[in-house]
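*Asks:* Chains A and B, in that order, give the protein sequences.
Take the first sequence: its position 70, counting from 1, is numbered 69 in numbering that gives the first Met the number 0, and each next residue is one higher.
Take the second sequence: its position 219, counting from 1, is numbered 218 in numbering that gives the first Met the number 0, and each next residue is one higher.
Before I ask anything, here is the structure I am working with.
Number of protein chains: 2
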Amino acid sequence: MGNKSTPGLLTVGSDRSPSRAREDYVKAIYQLGGGAPVRAAAVARYLNVSRVSVSKAKRLLETDGLLEAQATPATPLQLSRKGRALAVAMVRRHRLLETFLHQSLSVPLERLHSEAERIEHVISDDLALRIAVFLGRPSSDPHGHPIPYDDAPAARTPLPTLASIAVGTRARVVSLDDRDDEAIRALAAAGVLPGTTLRVERNDTAQVSVRYGKRVVSLSRRHAEMVRIAT
Amino acid sequence: MGNKSTPGLLTVGSDRSPSRAREDYVKAIYQLGGGAPVRAAAVARYLNVSRVSVSKAKRLLETDGLLEAQATPATPLQLSRKGRALAVAMVRRHRLLETFLHQSLSVPLERLHSEAERIEHVISDDLALRIAVFLGRPSSDPHGHPIPYDDAPAARTPLPTLASIAVGTRARVVSLDDRDDEAIRALAAAGVLPGTTLRVERNDTAQVSVRYGKRVVSLSRRHAEMVRIAT
DNA sequence: GGTTAGCGTTAGCCATGGGTAACAAAAGTA
DNA sequence: TACTTTTGTTACCCATGGCTAACGCTAACC
């Protein structure tokens, strides 16, 4: 019942089933580190759970062979080969689901994440593949994130965000962080979507203004930080 | 861990999350009684859980307002208006999912049930509606069961089964019980599918033989009991 | 060096889901 | 009516998920 759920970020969903919890931890570790070791406390913050819960989950995940055994308790968490494969499978399912929900069922952009978040835990890999085929094996989801078809760690070159760009620079929007409904709604309304090419007009601590074509829009810094771009 | 799971029947799935369990109980009560009161012991048998678990679930369901309050402990379980609405929504989601999985993703008939069984607990009503629209609001699922679009208790006139028919009678297959993979596979292989018109050639305690067109197939009595027909 | 902040762990509690054993009350059956 | 089976309940146990309080350790910070 106690579900604090910060502003827009990941809300684990109050419905914890055993396998669902494991998958959430594995996913979190993967998202945070992209293969690299992650501090347990970071995972706790990310998932909005106590450090204690992470500590307990750690044991279970190790038993399941999803986590590399730790040398000392303080060693950062590292996914095992199996854990990484599971994480990538989750990401694949998530992005395929988002793509399907958006393209075929017209689910609005800002609702994709939460809807996919629940379904991704219950569909089989076979079903995910069938969805991929149905969609024609799309290479990226509606938020601009690449869809990994094999278990490769998905070369995570962290692109710069719109907030980190100097005034005057031209950039192409690559992807939007999909976990914040409100931000997505605002960005979509402003026309800042994957594929859009724009130029930074202003960039101060509070606001980032961008121009594309004839239109100039102001984004809050928080929103600008959720936009990944390529120059 | 202890999951006995009888032959092919409903296997609750070891992944019990709070809401999932509630929905399974409500669905079971609905499927067994079709609106009429049901004995708790029957529910226990149907879901492969102990009577104790049902007894405990009863309290929770009453608290949630899904069950009508009982006069005496021995009173059969009866869904409340709210419980019935939930049950019908579950059935609707289940059948829409099966239809979509079969028609769009070509998931084989005998795997539809278990796949839909997991997904139905995590999709929103809005999503179910979108799927319905996507499919053109089909009136029945691949097993021949009607899809309820409103919350009407879905007039359950229990059709006779193929096993209860006298030799020589002509009948049209209306639906197949979708919960038994093995039976579905056998029936589909034998060509006994919703829509097929056939005639009963033999009907004894072990076997039921039917003819359709030039083909004559023998079905085990158990399988024949899973085929609902109209004469 | 000392203080402070952050991290991971243990102990103890709550709720949910599920199970046995045991028992009294109902329902069937002879 | 008397005996047997079925049914629902209570008392206890187990595991999972999560939480707070409290403690020791480590690593910055002054």
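Note that the Cβ used here is the ideal one computed from N, Cα and C, for glycine as well.
The model shown is predicted, which means the values in this text are computed figures rather than measured ones.
#1: Any C-beta of chain B within less than 7 Å: which residues of the stretch 107-120 of chain A qualify?
#2: When Cβ atoms are compared, which residues of the stretch 13-35 of chain A fall closer than 9 Å to chain B?
#3: Measuring CB to CB, does R50 of chain B end up less than 8 Å from A39 of chain B?
#4: Between which two residues does the beta strand (DSSP E) carrying R58 of chain A extend?
#5: Between V166 of chain A and V191 of chain A, is the Cβ-Cβ spacing less than 8 Å?
#6: Do we get a CB-CB distance below 8 Å when we pair L104 of chain A with the residues of chain B?
#7: Going by the DSSP bridge assignment, what does S217 of chain A pair with across the sheet?
#8: Answer with buried or exposed for R201 of chain A, where buried requires no fewer than 16 other C-beta atoms within 10 angstroms of its C-beta.
#9: Any heavy atom of the ligand FMN closer than 7 Å to the Cβ of L175 of chain A?
#10: Which residues mark the beginning and the end of the alpha helix (DSSP H) in which L174 of chain B is found?
#11: Which residues bound the beta strand (DSSP E) around A127 of chain B?
#12: For S123 of chain B, would you say it is in contact with chain A, using Cβ-to-Cβ distances shorter than 8 Å as the test?
#13: May I have the straight-line CA-CA distance separating V207 of chain A from T168 of chain A, to the nearest angstrom?
#14: L126 of chain A versus chain B: which residues are under 8 Å apart at the beta carbon?
#15: Once DSSP output is grouped into helix, strand and coil, what is the label at V90 of chain A?
#16: So, does the CB of I130 of chain B fall closer than 8 Å to a CB anywhere in chain A?
#17: Between the alpha carbons of P72 of chain A and L66 of chain A, how many angstroms are there, rounded?
#18: To the nearest angstrom, report how far apart L59 of chain A and V42 of chain A are at their CA atoms.
#19: Going by DSSP, which residues form a beta bridge with A229 of chain B?
#20: Count the C-beta pairs between the stretch 110-121 of chain A and the stretch 68-86 of chain A that are closer than 8 Å, then say yes if the count reaches three, no if not.
#21: Assuming V172 of chain A and T195 of chain A form a contact by the criterion Cβ under 8 Å, report the distance between their Cβ atoms to the nearest whole angstrom.
#22: Have a look at P107 of chain A and H101 of chain A and give me their C-alpha separation to the nearest angstrom.
#23: Under three-state DSSP, which class holds P157 of chain B?
#24: Classify T98 of chain B as buried or exposed, calling it buried when 16 or more other Cβ atoms lie within 10 Å of its own Cβ.
#25: Which of the three DSSP states, helix, strand or coil, is assigned to V166 of chain A?
*Replies:* The relevant details are as follows:
#1: With the criterion set as a beta carbon lying under 7 Å from some beta carbon of chain B, the members of the stretch 107-120 of chain A are E114, R117, I118, in sequence order.
#2: S13, D14, R15, S16, P17, S18, R19
#3: For R50 of chain B and A39 of chain B, yes; Cβs fall inside 8 Å.
#4: That residue, R58 of chain A, is in no beta strand (DSSP E); its alpha helix (DSSP H) goes 50-62.
#5: no
#6: yes
#7: A:S208
#8: exposed
#9: As presented, the structure is devoid of all ligands, the ligand FMN included, so that no description of it is given.
#10: In the sequence as displayed, the identity of residue 174 of chain B is Ser instead of Leu. Premise fails: S174 of chain B lies in the beta strand (DSSP E), 169-175, not in any alpha helix (DSSP H).
#11: From DSSP, A127 of chain B is part of no beta strand (DSSP E) but of the alpha helix (DSSP H) over 124-134.
#12: yes
#13: Distance between the alpha carbons of V207 of chain A and T168 of chain A: 12 Å.
#14: L100, L104, V106, E114
#15: helix
#16: yes
#17: 13 Å
#18: 15 Å
#19: B:R171
#20: no
#21: With a contact defined as Cβ atoms closer than 8 Å, V172 of chain A and T195 of chain A qualify at about 5 Å.
#22: 7 Å
#23: Of the three classes helix, strand and coil, the one that applies to P157 of chain B here is coil, per DSSP.
#24: T98 of chain B comes out buried.
#25: coil
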